Amino acid sequence: MEIGQEDGFVKVVSPIEDTPAERAEVKSGDFIVKIDNVSTRGMTVSEAVKKMRGKPGTKITLTLSRKNADKPIVVNLTRAIIKVKSVRHHLIEPDYGYIRVSQFQERTVESVNTAAKELVKENKGKPLKGLVLDLRDDPGGLLTGAVGVSAAFLPSEAVVVSTKGRDGKDGMVLKAVPEDYVYGMGGDPLAGIPAELKTIPMAVLVNSGSASASEIVAGALQDHKRAVIVGTQSFGKGSVQTLIPLSNGSAVKLTTALYYTPNDRSIQAQGLFPMSK
Numbered sequence: 004m005e006i007g008q009e010d011g012f013v014k015v016v017s018p019i020e021d022t023p024a025e026r027a028e029v030k031s032g033d034f035i036v037k038i039d040n041v042s043t044r045g046m047t048v049s050e051a052v053k054k055m056r057g058k059p060g061t062k063i064t065l066t067l068s069r070k071n072a073d074k075p076i077v078v079n080l081t082r083a084i085i086k087v088k089s090v091r092h093h094l095i096e097p098d099y100g101y102i103r104v105s106q107f108q109e110r111t112v113e114s115v116n117t118a119a120k121e122l123v124k125e126n127k128g129k130p131l132k133g134l135v136l137d138l139r140d141d142p143g144g145l146l147t148g149a150v151g152v153s154a155a156f157l158p159s160e161a162v163v164v165s166t167k168g169r170d171g172k173d174g175m176v177l178k179a180v181p182e183d184y185v186y187g188m189g190g191d192p193l194a195g196i197p198a199e200l201k202t203i204p205m206a207v208l209v210n211s212g213s214a215s216a217s218e219i220v221a222g223a224l225q226d227h228k229r230a231v232i233v234g235t236q237s238f239g240k241g242s243v244q245t246l247i248p249l250s251n252g253s254a255v256k257l258t259t260a261l262y263y264t265p266n267d268r269s270i271q272a273q274g275l276f277p278m279s280k
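Numbering-wise, the sequence shown is residues 4 to 280 according to the working numbering.
Encoded structure:
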């Protein structure tokens, strides 16, 4: 699961699909107040991650504080090797497709392209007439993945996301062009994508577990009036963090900029609101 820190405790950003945490019904927004009966107050994210990791098959107990719950919730998990399939798809009904992105990894953009092509095949070779893009409980991942997935549905050269530092000055501007989303030295992962994906009606599903890269995608599609956003307010994780190495071998992580949607909206601590096209 993806975790962060808030109010001195460890907070669940999103449980990752098909993992022990999701199967135990850990939810976005839960506070992990104890790990194996040890309080997490003041514990850093890296310390919490280290404490939760362990050999596959071993047990761990988490004590959760959940909004509107009368008492703490105790869940027992069995550690496992996590293999995340970042993209899944199926036809909802003839002519209408569904693509689920659970994380933005190295091959996510290519996988979205593959999913789109397979949906057309499953639709007896006919172009799709509508699409649902499911970003619920997607904690984010690679920025290039967010730009690439956005580019799958936007016109070439459309602005996807920009950054600004604390002085308010513009930083980088990333657009729906291969040079801004190709990961490494490979070719364009969106080559041959079905043309109708740029124009068919779309709904993007978000919730409080949709964070970071998934908010960049939803924000870009929303601002370009490319899709209707459906669900609940997203997490609000829109900060750019930089690691600064120190002479003693450690490092300091600083927030150096914020992400902005094409209409110059900051995602940080605000998130995105649904039902807007």
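The C-beta atom is built at its ideal place from N, Cα and C for all residues, glycine as well.
Here the structure is a predicted model, which is why all the values come from computation and not from measurement.
- Between the alpha carbons of Lys256 and Ile6 lies a distance of about 16 Å.
- When beta bridges are read from the DSSP output, Lys256 appears opposite Leu246.
- DSSP, reduced to helix, strand and coil, places Ile76 within a strand of the structure shown.
- DSSP lists Val135 and Val231 as the beta-bridge partner residues of Ala206.
- Counting along the chain, Thr111 sits inside the alpha helix (DSSP H) bounded by residues Thr111 to Glu125.
- Straight-line measurement puts the Cα of Arg56 at about 15 Å from the Cα of Val41.
- The way I'd put it, the segment 185-198 does touch the segment 110-129; three or more beta-carbon pairs between them come closer than 8 Å.
- Counting every other CB atom within 10 Å of its CB across the protein chains shown gives Asn71 a total below 16, marking it as exposed.
- Exclusion of the five residues before and after Tyr101 leaves His92, His93, Ile95, Val135 and Asp137 as the residues of its chain whose Cβ lies within less than 7 Å of its Cβ.
- Burial state of Phe238 is buried, judged by a 10 Å Cβ sphere holding 16 or more other Cβ atoms.
- With respect to the 8 Å criterion, Leu131 and Tyr186 are not classified as neighbours on the basis of their beta carbons.
- Leu275 sits in coil when the DSSP states are folded into three classes, being neither helix nor strand.
- Ala149 places its beta carbon 8 Å or farther from that of Ala161.
- In the three-state reduction of the DSSP assignment, Tyr186 falls in the coil class, being assigned neither a helical nor a strand state.
- Straight-line measurement puts the Cα of Gly128 at about 47 Å from the Cα of Thr259.
- Within 10 angstroms of the beta-carbon of Lys30 lie 16 or more other beta-carbons, which makes it buried.
- Excluding residues up to 5 positions away in sequence, Val135, Ala230, Val231 and Val233 lie with their Cβ nearer than 7 Å to the Cβ of Ala206 in the same chain.
- Counted as a single uninterrupted DSSP element, the stretch harbouring Val87 is not any beta strand (DSSP E), since DSSP gives it neither H nor E.
- It is roughly 37 Å from the alpha-carbon of Lys58 to the alpha-carbon of Gln273.
- In the DSSP assignment, Ser215 falls outside any beta strand (DSSP E), carrying neither H nor E.
- The alpha carbon of His227 has as its nearest neighbour, out of Gln271, Gly212, Ala154 and Leu261, the alpha carbon of Ala154.
- Taking each of Ala51, Phe276 and Asp183 in turn and checking the Cα distance to Glu218, the smallest one comes out for Phe276.
- If you compare the alpha carbons of Asp73, Gln244, Thr61 and Val87 with that of Arg169, the shortest gap goes to Gln244.
- Burial is judged here by how many other beta carbons sit within 10 angstroms of a residue's own beta carbon; Arg103 has at least 16 and is buried.
- Met4 carries a coil assignment under DSSP once its states are collapsed to helix, strand and coil.
- Judged by their CB atoms, Gly143 and Ser89 are not nearer to each other than the 8 Å cut-off.
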